[in-house]
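Residue numbers for the sequence shown follow the numbering used here, so the first one is 4 and each next one is one higher. Glycine included, C-beta positions come from ideal geometry on N, C-alpha and C.
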Amino acid sequence: IMVFTDHQKRSMPEMYFRNGQKINDAFEDFHEEFPNVAVYYDMFNRALRHLMDLYRVTGSVARQAGIGRPRVRNGATVEAVRAVIEDQPCTSIRHLHQQVNLSYSTCQHILKENLHLHPYRLQALHEILPNDLPQRQAFCQ
4 IMVFTDHQKR SMPEMYFRNG QKINDAFEDF HEEFPNVAVY YDMFNRALRH
54 LMDLYRVTGS VARQAGIGRP RVRNGATVEA VRAVIEDQPC TSIRHLHQQV
104 NLSYSTCQHI LKENLHLHPY RLQALHEILP NDLPQRQAFC Q
């Protein structure tokens, strides 16, 4: 997939209108102005049509801001999770996600990536007896 620069995206509609709305002539102009860019006619045609549709709708060929799913992990949610963890440091993620009304995985990401907290479990081990010392030393060697 060809990714055009912003300058190239702005130039494409100009070339299109300058050449009397003829895509073939605009494609030739594009190759003259950007000789180092390897682009096929189909790619150019598809990109130009997309840019023209975008221009008709928005009046600009710039990428629209705010398209897509809104982010849940923002400053407010991170602070809400931080407040709960500071009040109750032993809270499980299962209880945490119910308190702050976020998904389990979002809470997990906030704890790990934003707050740099990692889960741990205490592991029950047998008591180390004096008779175990020679066997443990032999294992280490």
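Excluding the 5 residues flanking it on each side, Leu-51 has same chain C-beta neighbours closer than 8 Å at Met-15, Pro-16, Tyr-19, Ile-26, Ala-29, in chain order.
Excluding its 5 nearest sequence neighbours in each direction, Val-81 has C-beta neighbours in its own chain below 8 Å: Ile-113, Asn-117, Leu-118, listed in chain order. Nearest C-alpha to Arg-13 among Ser-108, Ser-95, Val-64: Val-64. The C-beta of Phe-7 has 16 or more other C-beta atoms within 10 Å across all chains shown, which makes the residue buried.
With a minimum length of 3 residues, there is no unbroken run of beta strand (DSSP E) contained wholly in the region 39-101. Annotation: Arg-124 is outside any alpha helix (DSSP H) and is labelled neither H nor E by DSSP.
When the Cα atoms are used, Gly-23 and Met-55 turn out to be separated by approximately 14 Å. DSSP places Ser-106 outside both helix and strand once states are collapsed to three, so it counts as coil.
Between Ile-96 and Pro-122, the C-beta spacing is below 9 Å. Val-103 places its beta carbon less than 9 Å from that of Ala-83.
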